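Enquirer: In the UniProt record's numbering, the protein residues as written are 1 to 293.
This is the structure I want to talk about, given as structure tokens.
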Amino acid sequence: MNIEEYLEIKEELYTNIFSNIDNETVNNAILRFHYIKFNPNNEPKFDKLIDTIINHITLYCYSISKRTENDYEAYKNRLYREAARLFRENDKSGEFGELILWFLLESVLKAPQVVAKMDLKTNRNDEIKGADGIHINITNQNILEIIFGESKLYNNLSKAIIDAFNSIENFLEKEQYKREYNLITTHFKWLNTEHQTKLLNFISNNIEADEVKIKFAILIGFDWEKYQKLQEPLERKKFVEEFESIYQEKAKKIINTIEQKLSKFKYNNYEFDIFFLPFKSVDEMRKRFKSEL
Numbered sequence: 001m002n003i004e005e006y007l008e009i010k011e012e013l014y015t016n017i018f019s020n021i022d023n024e025t026v027n028n029a030i031l032r033f034h035y036i037k038f039n040p041n042n043e044p045k046f047d048k049l050i051d052t053i054i055n056h057i058t059l060y061c062y063s064i065s066k067r068t069e070n071d072y073e074a075y076k077n078r079l080y081r082e083a084a085r086l087f088r089e090n091d092k093s094g095e096f097g098e099l100i101l102w103f104l105l106e107s108v109l110k111a112p113q114v115v116a117k118m119d120l121k122t123n124r125n126d127e128i129k130g131a132d133g134i135h136i137n138i139t140n141q142n143i144l145e146i147i148f149g150e151s152k153l154y155n156n157l158s159k160a161i162i163d164a165f166n167s168i169e170n171f172l173e174k175e176q177y178k179r180e181y182n183l184i185t186t187h188f189k190w191l192n193t194e195h196q197t198k199l200l201n202f203i204s205n206n207i208e209a210d211e212v213k214i215k216f217a218i219l220i221g222f223d224w225e226k227y228q229k230l231q232e233p234l235e236r237k238k239f240v241e242e243f244e245s246i247y248q249e250k251a252k253k254i255i256n257t258i259e260q261k262l263s264k265f266k267y268n269n270y271e272f273d274i275f276f277l278p279f280k281s282v283d284e285m286r287k288r289f290k291s292e293l
């Protein structure tokens with residue numbers, strides 16, 4: 001069963017903004033070291049990231065049935081304004097990170113989102129709690145993988161890592177995945193055609209039979225002091241030219257931290273995709289995102 005047709009973020013959107021250095025496998029975790037590309041003026045494309053994310057918020061927020069309910073331009077504009085309002089009014093500071101994680105899961109892992117959780121926030125109910133995102137993959141062996149997302153954008157890298165794993169541990173301890181399963185079957189994002197109904201049936205049958213592989217995708221966004229070199233005229237060009245090698249040195253330290261964390265983590269039998277993304281300032285990015293909505 002091919003699920004790539006359900007992807008809403010095209011790979012070229014990713015390649016225009018992001019790049020990466022080599023992945024590293026640690027136990028059951030793939031560590032993915034991504035970064036924001038530089039433009040010809042040696043500025044990171046942080047503004048481009050914000051613009052692209054904002055341009056796609058209705059795809060993130062709403063099911064296809066809601067988005068195609070009405071073809072009038074005024075209706076589409078209303079959906080966008082409603083989505084922007086949800087982001088502006090909600091005090092939860094992590095939603096910008098959730099959007100980036102969604103973007104990466106669709107463009108890098110080719111794992112489509114199956115529940116539009118922001119759509120549920122209009123109801124102001126408890127269903128929105130739990131994972132930061134729910135995506136799926138179907139392996140070549142026809143195994144259903146449900147990928148639960150966890151996003152942490154913090155000033156401090158170590159705290160982001162600790163809190164991410166604490167959140168996942170709590171998620172598993174309380175068996176919150178069972179409630180998330182219910183969201184998939186009751187709020188399936190793509191329930192629109194016979195073909196998509198077959199996909200929902202496949203998911204539902206596997207959940208019912210307990211034939212589901214649970215995986216986790218984590219986004220760790222953090223302030224990186226090395227970006228301060230961009231403020232130094234004599235260092236700027238050299239920093240950009242040597243950026244990947246400098247980032248690789250940072251990655252080595254992160255790898256050691258994750259090795260230690262996983263060795264003590266209670267649920268290290270699960271598989272993880274962990275995305276790392278450095279910023280000049282996480283707080284500044286969050287403020288700019290909300291101001292542009």
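Glycine included, each C-beta is placed from N, C-alpha and C at the ideal position.
The structure displayed is predicted, hence computed values, not measured ones.
With a Cβ-Cβ cutoff of 7 Å, do residue 251 and residue 147 count as a contact?
Expert: No.
Enquirer: So the candidates are 31, 141, 106; which of them puts its Cα closest to the Cα of residue 259?
Expert: Taking only the C-alpha atoms, the option nearest residue 259 is 31.
Enquirer: What residues in its chain sit with their C-beta under 6 Å from that of residue 127, if we drop five residues either side in the sequence?
Expert: Unreliable placement is indicated for residue 127, whose pLDDT of 43 sits below 50; the coordinate value is still reported in the next sentence. The answer, listed in chain order, is 120.
Enquirer: Classify residue 114 as helix, strand or coil using the three-state DSSP reduction.
Expert: The answer is coil: DSSP assigns residue 114 none of H, G, I, E or B.
Enquirer: In whole angstroms, give me the CA-to-CA distance for residue 231 and residue 39.
Expert: Approximately 16 Å, taken between the alpha carbons.
Enquirer: Assess contact between the stretch 38-56 and the stretch 98-117, defined as three or more Cβ pairs (one per stretch) separated by less than 8 Å. Is contact present?
Expert: These segments touch.
Enquirer: Please report the straight-line C-alpha distance between residue 287 and residue 82, rounded to a whole angstrom.
Expert: Approximately 19 Å, taken between the alpha carbons.
Enquirer: Smallest Cα separation from residue 166: which of 5, 265, 206?
Expert: Ranking the options by Cα distance to residue 166, first place goes to 265.
Enquirer: Start and end of the beta strand (DSSP E) containing residue 185?
Expert: No beta strand (DSSP E) contains residue 185, which is instead part of the alpha helix (DSSP H) from 177-186.
Enquirer: Can you round the beta-carbon distance between residue 215 and residue 144 to whole angstroms, since I take them to be within the 8 Å contact cut?
Expert: Their Cβ separation, rounded to whole angstroms, is 11 Å, which puts residue 215 and residue 144 out of contact at 8 Å.
Enquirer: Taking 6 Å as the limit between beta carbons, can you name the residues of its chain near residue 160, skipping five residues before and five after?
Expert: Taken in chain order, the residues that qualify are 152, 154, 220, 222.
Enquirer: Grab me the residues of residue 57's own chain with a C-beta within less than 6 Å of its C-beta, minus the 5 sequence neighbours each way, in chain order.
Expert: Contacts found: 83.
Enquirer: Can you give me the C-alpha to C-alpha distance between residue 108 and residue 34, rounded to a whole angstrom?
Expert: Going by the C-alpha atoms only, they are around 11 Å apart.
Enquirer: Nearest by alpha-carbon distance to residue 139: which of 190, 241, 203, 168 is it?
Expert: Taking only the C-alpha atoms, the option nearest residue 139 is 203.
Enquirer: Relative to the C-alpha of residue 62, which candidate in 3, 26, 79 has its C-alpha closest?
Expert: Among 3, 26, 79, the Cα nearest to that of residue 62 is on 79.
Enquirer: Straight-line CA distance for residue 137 to residue 3?
Expert: So the alpha carbons of these two residues sit roughly 7 Å apart.
Enquirer: So, for residue 164: in the same chain, excluding its five sequence neighbours on each side, which residues have a beta-carbon less than 6 Å away from its beta-carbon?
Expert: Excluding residues within five positions, the ones whose Cβ falls inside 6 Å are 150, 152, 218.
Enquirer: Can you tell me which residues form a DSSP beta bridge with residue 212?
Expert: Residue 212 pairs with 144.
Enquirer: Can you check whether the CB of residue 180 is closer than 7 Å to the CB of residue 131?
Expert: Yes, the Cβ-Cβ distance between residue 131 and residue 180 is below 7 Å.
Enquirer: With DSSP collapsed to three states, give me the class of residue 35.
Expert: In the structure shown, residue 35 sits in a strand (DSSP, three-state: E or B).
Enquirer: Which runs of the alpha helix (DSSP H) fall wholly inside the stretch 38-94 and span at least 4 residues, in chain order?
Expert: Runs of the alpha helix (DSSP H) inside the stretch 38-94: 46-55, 57-61, 64-67, 73-89.
Enquirer: So, for residue 125: in the same chain, excluding its five sequence neighbours on each side, which residues have a beta-carbon less than 7 Å away from its beta-carbon?
Expert: Any reading at residue 125 needs caution, since the residue's pLDDT is 46, under 50, leaving its predicted position unreliable; the model's value is listed next. Contacts found: none.
Enquirer: Am I right that residue 268 and residue 27 are in contact with their C-beta atoms under 8 Å? What's the rounded C-beta distance?
Expert: Going by Cβ atoms, the distance from residue 268 to residue 27 rounds to 6 Å, so yes, they are a contact pair.
Enquirer: Can you tell me where the alpha helix (DSSP H) with residue 257 in it begins and where it stops?
Expert: 243-264 is the span of the alpha helix (DSSP H), which, as asked, contains residue 257.
Enquirer: Give me the DSSP bridge partner(s) of residue 25.
Expert: Paired residue(s): 30.
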